[in-house]
Amino acid sequence: MAGRILFELFFFSIPFLVFGLYLVATATAEQEGRRKWPINMLFLTGLGLAVAAYFVMAFMEDRSATMCQKPTRYVDGKLVPGEKYPCEHDLKDAGRALSDDPGGAAELGTDAPDAGEDEPD
């Protein structure tokens, strides 16, 4: 976990480090009479690093097609951490209803013929 946090902090700090280098380089360049760094190139470099970090994080994610995860939850006032467990069901039907029953159908009464109803005369 600490490695992942350090990895994210490293990628978060890269634009600040590049900007610091930019400030040092432009101050030196102005003193020597050279032109400044192009802002567009810095922007594209930062954008490329952000996209690369997104894909690196996606590929580093610990995942498996046969493992499911319970989220962290409160049980009796205590925080229970999430856990991974083997999936017992077929995930291709996840989110689908188990039947076509809309759930609003009325239940029929008992099988007894005179279950509290008056017979017509």
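The sequence shown maps to residues 160 to 280 in this note's numbering.
Glycine is no exception: its CB is placed at the ideal position from the N, C-alpha and C atoms.
* Asked: Which residues in the same chain have their Cβ closer than 6 angstroms to the Cβ of Glu242, if we skip the five residues on either side of it in sequence?
  -> Lys229
* To do: Give the secondary structure of Met226 by DSSP, where H, G and I count as helix, E and B as strand, and everything else as coil.
  => strand
* Asked: For Ala245, which of helix, strand or coil comes out of DSSP?
  -> At residue 245 the sequence reads Pro, which differs from the Ala that was named. DSSP places Pro245 in strand when its eight states are reduced to three.
* At what residues does the alpha helix (DSSP H) containing Thr204 begin and finish? -> Ile198 to Met219 is the extent of the alpha helix (DSSP H) around Thr204.
* To do: Using the DSSP secondary-structure output, state which residues sit across from Val239 in a beta bridge.
  => Arg232
* To do: Could you pull out every residue in the same chain whose Cβ sits closer than 8 angstroms to the Cβ of Thr204, ignoring the five residues on either side in sequence?
  => Val177
* **Integer-rounded CB distance, given that Pro240 should sit under 8 angstroms from Met226** => With 8 angstroms as the limit, Met226 and Pro240 do not qualify as a contact, their Cβ atoms being about 16 angstroms apart.
* Asked: In whole angstroms, what is the alpha-carbon distance linking Arg222 and Leu238?
  -> Cα to Cα, the separation comes out at about 23 angstroms.
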